[in-house]
Structure formats: structure tokens, C-alpha cells
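This report refers to the structure that appears directly beneath it.
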Amino acid sequence: MMPQLDTSYYFSQFFWLCVSLSILIFMFKKYFIPRMDKIFQGREQRIKECSEAVERLESDVSEMKAAIAQLQEDGLRKSAEIVKNAIKKYENALDIQLQLVKNENEVKLNATRIRVRKEIDGLESVFRMQVEITAQTAFERLFSGKLSAH
2 MMPQLDTSYY FSQFFWLCVS LSILIFMFKK YFIPRMDKIF QGREQRIKEC
52 SEAVERLESD VSEMKAAIAQ LQEDGLRKSA EIVKNAIKKY ENALDIQLQL
102 VKNENEVKLN ATRIRVRKEI DGLESVFRMQ VEITAQTAFE RLFSGKLSAH
């Protein structure tokens, strides 16, 4: 028969079981549980500190986001002003260039008009001379034909 099941050993087994459990419970209460409690309290304190730090960081981040948004708006406004001023500046420069080109083209056009007018005047004088010569020739033919017919 197995000794665990022998009824004569029941009392001694029960006694040593109670002694062992009592020692274990005493050790847990005296040493292990207080140490574990300190560890858990330290962890809880560390978690509180970390969550407070996270909350502070979140508030700092939200403040920074607001500051960044403000800086972006200011930057966009300033860049729009810079672009607007640059556009005005280049429009003025283009207007000046356009005016210079117009003046230059006007001078060239006037010079070309004068040259063309001179050529036209020259051609008109040649044309008049040709008309006069032709008229004179026609007149001479007309009268020379009548004179010879008489």
C-alpha cells in the first residue's frame, strides 16, 4: 500500500502541511508582499509621473501647433506681399521696357515714313515728268498729224 494513503500518517502529514503553509504565509506577509507592494507603488508613482509628463508635453505640443499655424499664416501673408511687390516691380519694368520699345519703334517708323515719303515724292516727280513727256509727245503727234494732213 502507498504510504500517502495510510491513515496512520494522516495527522503528521496534516501537521507538516499546516506548518509549511504557515511558514509560507508568514514569509509572504513579512517579506514578499511588502517588497512587491513597494515595487507596485514605485511603478504606480512612475506611471503617474509619466502621464503628467505626457499631459505637459501634449499641452506644449498644442501650443507649438498654434504657434506654427500662426507662423505659417504670417509667412504666407509676407510671401504674398513679396510676390505682389515683385509683380508690381516687374510690371513697372515691363512698362518701361514697352515704352522704350514703342519709342524706338516710333522713331524707326517715322524714319521709314520720311524715307517712303521721299521715295513717293521722287516717284511723283518722275511720274509728272513722264506724264508731261507723254502729254507733250501725244500733243506733238496730234498736231504733227494735223499739220501733215493739211
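Using this note's numbering, read the sequence shown as starting at 2 and increasing by one per residue.
Positions of the beta carbon are idealized from the N, C-alpha and C atoms, including for glycine.
For this session: Please state if the CB of Pro4 and the CB of Tyr11 are separated by a distance shorter than 8 Å.
Result: Between Tyr11 and Pro4, the C-beta gap is not smaller than 8 Å, which leaves the two residues out of contact.
For this session: Please go through the same chain and pick out, in chain order, the residues whose beta-carbon is closer than 6 Å to the beta-carbon of Ser52, but skip the five residues on each side of it.
Result: Hits under 6 Å: none found.
Exercise. What's the gap between the Cα of Arg142 and the Cα of Lys119?
Worked result: Roughly 34 Å separates the two Cα atoms.
For this session: To the nearest angstrom, report how far apart Gln42 and Ile48 are at their CA atoms.
Result: In this structure, the straight-line span from the alpha carbon of Gln42 to that of Ile48 is close to 10 Å.
Exercise. Taking DSSP as the reference, what is the three-state secondary structure of Met130?
Worked result: In this structure, Met130 counts as helix in the three-state DSSP scheme.
Exercise. Where do the ends of the alpha helix (DSSP H) carrying Tyr11 lie?
Worked result: The continuous alpha helix (DSSP H) containing Tyr11 extends over residues Tyr11 to Met28.
For this session: Scan the stretch 78-120 and note each continuous beta strand (DSSP E) run of 3 residues or more that stays entirely inside, going in chain order.
Result: Within the stretch 78-120, no complete beta strand (DSSP E) run reaches 3 residues.
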